[in-house]
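The block underneath contains the structure these notes are about, expressed in structure tokens.
Residue numbers (the working numbering), protein chains in the order written: chain A, 59 to 207; chain B, 104 to 202.
What follows is the structure, encoded as structure tokens:
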């Protein structure tokens with residue numbers, strides 16, 4: 059029993075967050091460089107080790123002008139069968155905001171509120187089943203910065 | 104209780120969920136100004152019947168009391184269990200029955 063446990067544990071060692079988290083992936087632990095990268099390109103590079111191609115299959119919804127940079131609603135939708143979805147932006151000291159792990163057969167329709175300290179560009183990456191990267195981006199004008207809180 | 108607000112509603116086999124986690128999400132910059140330590144949610148997970156339906160690794164740039172909306176295939180009556188972990192290792196779990 060112990061052996062089997064150990065064996066299972068090995069495969070998940072890098073990603074196991076809690077004993078109950080059977081297939082959880084904490085990208086902060088598996089890809090630590092992603093979170094310290096200060097520009098979008100190197101953030102994507104650190105996370106996926108590849109470059110994305112712009113795609114019109116991704117719907118990225120965000121306000122063109124955000125009155126409050128402390129809570130900018132961003133919505134991502136796509137029909138691409140995705141493995142993960144990542145949000146980056148280029149206004150804050152580091153570029154990574156969030157990485158969603160899409161469960162098998164999962165629906166990609168995420169909304170989340172993010173912080174931006176100044177106007178900038180939000181870049182969304184969708185990693186498909188084959189590991190190919192698709193991207194969409196949008197400029198957001200921030201009237202009041204959100205990072206100085 | 105009171106650490107998370109969870110809403111989950113099923114329609115035609117798809118559950119729409121809204122989760123608001125109560126967390127200061129203090130960035131490094133803001134924390135320095137306030138003379139506090141930075142702390143923010145770093146990982147959040149949603150499970151139904153022990154199966155992961157939602158998962159996100161996050162940075163300091165989510166808004167304060169971050170609100171997530173997401174969808175997954177599921178049915179009413181099941182329980183959605185949400186768990187988050189922050190930078191300091193605090194963790195909170197709350198559940199809600201899917202309507």
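Where a beta carbon is used, it is the ideal one built from N, C-alpha and C, also for glycine.
Nearest candidate by alpha-carbon position, reference residue i, set the options
i, options, result
"residue 172 of chain A", "A:153, A:194, A:161", "A:153"
"residue 197 of chain A", "A:186, A:83, A:166, A:147", "A:147"
"residue 112 of chain B", "B:134, B:194, B:174, B:150", "B:174"
"residue 187 of chain B", "B:196, B:121, B:152", "B:196"
"residue 201 of chain B", "B:190, B:194, B:181", "B:181"
"residue 125 of chain B", "B:176, B:154, B:108", "B:108"
"residue 249 of chain B", "B:184, B:144, B:176, B:185", "Coverage of chain B is limited to positions 104 through 202, which leaves residue 249 of chain B absent and any answer about it impossible."
"residue 185 of chain B", "B:106, B:130, B:120, B:150", "B:150"
7 angstroms Cβ shell around residue i - same chain, five flanking residues per side excluded
i, result
"residue 93 of chain A", "86, 152, 154"
"residue 201 of chain A", "123, 124, 125"
"residue 134 of chain B", "140, 141"
"residue 136 of chain A", "115, 116, 117, 166, 184"
"residue 140 of chain A", "160, 166, 184, 185, 186"
Residue interval of the alpha helix (DSSP H) (run including residue i)
i, result
"residue 193 of chain A", "Unbroken run through residue 193 of chain A is the beta strand (DSSP E), 191-200; no alpha helix (DSSP H)."
"residue 95 of chain A", "Taken as a continuous stretch (DSSP letters only), residue 95 of chain A belongs to no alpha helix (DSSP H), as it is neither H nor E."
"residue 114 of chain B", "First-last for residue 114 of chain B: 107-114, but that is the beta strand (DSSP E), not the alpha helix (DSSP H)."
"residue 87 of chain A", "85-88"
Rounded C-alpha distance that separates residue i from residue j
i, j, result
"residue 115 of chain A", "residue 138 of chain A", "7 angstroms"
"residue 156 of chain B", "residue 128 of chain B", "23 angstroms"
"residue 79 of chain A", "residue 113 of chain A", "Since pLDDT at residue 79 of chain A reaches only 42, below the 50 mark, its modelled position is unreliable, and the value read off the structure follows with that caveat. Approximately 33 angstroms between the Cα atoms of the pair."
"residue 98 of chain A", "residue 134 of chain A", "17 angstroms"
"residue 176 of chain A", "residue 131 of chain A", "15 angstroms"
"residue 142 of chain B", "residue 167 of chain B", "11 angstroms"
"residue 192 of chain B", "residue 147 of chain B", "12 angstroms"
"residue 167 of chain A", "residue 190 of chain B", "26 angstroms"
"residue 95 of chain A", "residue 101 of chain A", "5 angstroms"
"residue 108 of chain A", "residue 162 of chain B", "21 angstroms"
"residue 191 of chain A", "residue 159 of chain A", "14 angstroms"
"residue 183 of chain A", "residue 90 of chain A", "18 angstroms"
"residue 180 of chain A", "residue 169 of chain A", "14 angstroms"
"residue 178 of chain B", "residue 145 of chain A", "29 angstroms"
Sequence-distant residues of its chain with Cβ nearer than 6 angstroms to residue i (five each side left out)
i, result
"residue 170 of chain B", "123"
Limits of the beta strand (DSSP E) - the one that residue i falls within
i, result
"residue 173 of chain A", "Counting along the chain, residue 173 of chain A falls outside any beta strand (DSSP E), and DSSP gives it neither H nor E."
"residue 157 of chain A", "154-159"
"residue 119 of chain A", "116-119"
"residue 174 of chain B", "170-176"
"residue 145 of chain A", "140-147"
Chain-ordered neighbours of residue i on chain D, where CB pairs are closer than 9 angstroms
i, result
"residue 161 of chain A", "Among the protein chains in the structure shown, which are A and B, there is no chain D."
ask   = In the stretch 127-155 of chain B, which residue ranges form an unbroken alpha helix (DSSP H) of at least 4 residues, counting only runs that do not cross its ends?
value = 131-137
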